[in-house]
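Before any comments, here is the structure.
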Amino acid sequence: MKGAPLIEIIKLSKVFSDAENRVVALNDISLTVHEKEIYGIVGMSGAGKSTLIRCINRLDTPNAGQVLYRGRDILAMDRRQLLSTRRKMGMIFQQFNLLMQRTVGQNVRYPLEIAGVKHAQANARVRELLDIVGLQDKLNAYPAQLSGGQRQRVAIARALASNPEVLLCDEATSALDPMTTQSILTLLQDINQRLGITIVLITHEMAVIRQICNRVAILDGGQVVEEGNVDEVFVHTQSEAGKRLFGILPEAPDEDPEQPALRIVFDGASAEKPIMANLIREHGILINILSANIRHLGGKSYGQMLIEMPAELEEKLTVVAYLESQGMTVKEVNNQ
Amino acid sequence: MRMEQLMQLLWTGLLETLYMTIPATLIAYLIGMPLGVLLVVTRKNHMMPAPRFNTVLGAVINFLRSIPFIILLVLLFPVTRAVMGSGIGTRSVIFPLIISAFPYIARMVEGSLNEVDRGIIEAAQSMGSTSWQLIRKVLIPEAMPSLVNGAAICMVTILSYTAMSSAAGGGGLGTIAIVKGLNMRQSDIMYSASILLVLLVQLISLAGSYSTKRIDHRN
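Chains as they are written, first to last, in the numbering used here: chain A, 5 to 340; chain B, 72 to 290.
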C-alpha cells in the first residue's frame with residue numbers, strides 16, 4: 005500500500021547559533037514520506053520536530069542536507085519554484101494563525117486570491133471547503149468569534165484551498181482540549197482517506213500518532229532514534245525516547261521495588277484473554293500486583309506489570325512457566 | 072474687535088491650518104509608510120532580512136527625527152524655496168512639515184506593523200505568498216486598526232507643528248494666536264484661536280480611536 009516517495013529528507017542538519025549559544029536542532033536526519041500516508045513525527049519538546057517540519061516548506065533553512073519534493077530539492081529552488089511548491093503544501097499550526105481582520109470566508113479565500121483564482125470560482129470553492137470542515141454557517145464570522153476547534157477547522161479549510169498534495173501539521177491539536185482534538189484528528193483522517201492528501205504531522209503526544217498515523221519517526225535530541233510503521237515501532241521500541249513516549253517507561257526511570265518481585269513484559273499478548281485472572285483461578289496462587297503500565301493497541305497488550313514474588317519457590321516456578329507459555333517475558337527483580 | 076471679524080479671522084485660520092495639515096499628512100504618509108514597511112520587513116528574522124540596510128535606514132530616520140521642527144523650518148529655507156517656489160507663506164510650510172513628519176510616521180508605521188503576529192505571516196508564507204502579497208494582503212490589513220490610530224497621532228503632531236509656521240511667514244490658527252493674540256495683546260483672539268486648536272486635536276483623536284475600534288475584528 006506504500007505509494008511513491010513524496011518527501012525525502014536526506015541528511016538534514018540545522019544549527020541555531022548566536023554569539024553565546026549554539027544549539028543543534030537537527031542532526032543528520034533522513035526520512036521518507038510516501039504518498040497518501042499519514043506520517044507522524046513525535047518527540048519531547050526541544051527534540052527538533054518543529055524545526056524539521058518547517059524545513060519541509062523552507063520556513064526554516066537547514067544548514068546542510070536536502071529536502072526532496074517529488075525528487076526536486078526544495079532548498080535548491082529559486083523563489084518562484086519555491087512559491088509554487090509551497091502552494092502544493094498546506095500547513096496548519098498550533099496557534100491556528102488565521103488572519104484576524106478577515107472573515108472565515110475571506111481567510112479560506114486567501115490562498116485562492118494569491119493564486120489569481122477568479123472571483124466566482126473562488127466563492128464556490130470557499131463554500132465547498134467550509135462544507136468539508138463543517139462550518140458552512142460561519143462564512144461571515146470573524147475568527148475571534150470562534151472556538152479553538154472551529155478556528156483549526158477554518159485553518160484546515162484554508163490549507164486545503166489550493167488543492168495541496170500534502171498537509172503539514174505543526175502541533176495542530178496541542179492547543180485543543182481532548183474532545184476537540186478527537187474531532188480534528190477524525191477530520192484529518194477523513195481528509196487523508198477521502199481526498200488522498202498525504203499528511204505529515206508533528207506532535208508530542210503518542211496518542212495522536214497511535215490514533216491516525218501509519219508511520220512514525222521518533223525524534224530525540226535532533227536525531228531520528230526510531231522509524232517505521234506505527235505498530236512495529238510500538239512493539240519493538242528500543243530507544244529511551246520511544247519507551248517514554250509510549251508510556252512503557254515512566255517519565256522518570258522506573259525504580260525497582262524494595263521487595264523481591266517479578267517483572268512481566270506484555271509484548272503483544274492478546275488483550276482479550278484475562279491472563280492474570282486465569283493464572284489465579286487455574287493454579288490457586290494469590291498474586292499481588294505492585295504496579296502496572298499496560299497499553300492496548302490493535303487488540304493487543306503492551307507494557308509491564310510488577311507483581312510481588314510468590315513466597316514459595318514452587319509457586320514462583322508455576323507462575324513463570326504459565327506466563328511464559330502465554331508469550332510473556334518474566335524477569336526476576338531484586339531477588340537475593 | 073467685533074464678533075463677526077473675530078469669526079472671520081478664526082475661520083480663515085482654521086482653513087489655513089487644515090490646508091497645511093492635511094496635505095502634509097497625506098504626502099508624509101506616502102513617504103513614511105513605505106519606509107516603515109521597509110524598517111519591519113528587512114529586520115533580521117522577518118520576510119526580507121537585510122540587517123545592514125535596516126541599521127542604516129534606522130539611523131538616518133532617527134537623525135531626521137531628532138531635529139526640532141522649528142530648526143528644520145529655518146534650515147530648510149533654501150530647499151523649500153527651490154521646491155515650493157517660495158520660502159515663506161502658508162503653502163511653503165507644507166514642505167518642511169513633510170520633511171519633519173515622514174521619519175516620525177515611518178517609526179509609527181513600524182510600530183504598528185511589528186504588532187502583527189509572526190505566526191500569521193508565516194502561515195501566509197507557507198501558502199506561497201509573494202513578498203508584495205504578504206505586505207499588501209497580510210501585514211498592512213492585519214495592522215490596520217493600529218495604523219489608523221497611529222495616523223491620528225501623526226496628524227495631531229503635524230497640526231501642532233503648524234502652530235510654529237509663523238516663523239516662516241505661514242498662517243493658520245497658531246499664527247493668529249501668537250501674532251495677533253499674544254504679540255498684540257488681544258487675549259480674546261489668543262484664547263479663541265487656542266481653544267479652536269484644542270478642539271481640533273480632540274476631534275482628530277476621537278475620530279482616530281473611534282475608527283480604530285470600529286475596524287478591529289479581534290474581539
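Beta carbons: idealized from backbone N, C-alpha and C, even for Gly.
- With respect to residue 154 (chain A), residue 139 (chain A) sits close: the two C-beta atoms are nearer than 9 Å.
- Check the Cα spacing between residue 169 (chain A) and each of A:145, A:296, A:74: the tightest is with A:74.
- Residue B:228 holds the alpha-carbon nearest to the alpha-carbon of residue 268 (chain B) among B:228, B:257, B:182, B:287.
- With respect to the 9 Å criterion, residue 248 (chain A) and residue 309 (chain A) are not classified as neighbours on the basis of their beta carbons.
- No Cβ of chain B is located within less than 9 Å of the beta carbon of residue 25 (chain A).
- By the beta-carbon neighbour count (other beta carbons within 10 angstroms, threshold 16), residue 270 (chain B) is exposed.
- DSSP places residue 287 (chain A) in the uninterrupted alpha helix (DSSP H) bounded by 279-287.
- Contacts with chain A (Cβ-Cβ distance below 8 Å) from the segment 194-208 of chain B involve 194, 195, 196, 197, 198, 199, 200, 201, 204, 208, listed in chain order.
- The bridge partners DSSP lists for residue 309 (chain A) are A:268, A:296.
- By the Cβ neighbour-count rule, residue 281 (chain B) is exposed, with fewer than 16 other Cβ atoms within 10 Å of its own.
- Residue 89 (chain A) is a Cβ neighbour of residue 81 (chain A), given a cutoff of 9 Å.
- Residue contact check for residue 117 (chain B) against chain A: no CB pair falls below 9 Å.
- With respect to chain A, the C-beta atom of residue 243 (chain B) has no partner C-beta closer than 9 Å.
- Residue 283 (chain A) and residue 320 (chain A) have their C-alpha atoms spaced approximately 12 Å apart.
- No Cβ-Cβ contact shorter than 9 Å links residue 116 (chain A) with residue 105 (chain A).
- Contacts between residue 104 (chain B) and chain A, judged by CB atoms closer than 7 Å, are missing: the closest CB pair is about 18 Å apart.
- If you draw a straight line from the Cα of residue 174 (chain A) to the Cα of residue 225 (chain B), it is about 40 Å long.
- Per DSSP, reduced to three states, the secondary structure at residue 104 (chain B) is helical.
- Listed in chain order, the alpha helix (DSSP H) runs fully inside the segment 139-177 of chain B are 140-146, 148-155, counting runs of at least 4 residues.
- Looking at the DSSP output, residue 70 (chain A) sits in a beta bridge with A:14.
- Rounded to the nearest whole angstrom, the C-alpha separation of residue 84 (chain B) and residue 97 (chain B) is 20 Å.
- When B:278, B:140, B:194, B:266 are compared, the shortest CA-CA separation from residue 170 (chain B) is found for B:140.
- For residue 28 (chain A), the uninterrupted beta strand (DSSP E) segment begins and ends at 26-38.
- Excluding residues up to 5 positions away in sequence, 11, 12, 13, 14, 16, 59, 60, 62, 77, 78, 79 lie with their Cβ nearer than 8 Å to the Cβ of residue 71 (chain A) in the same chain.
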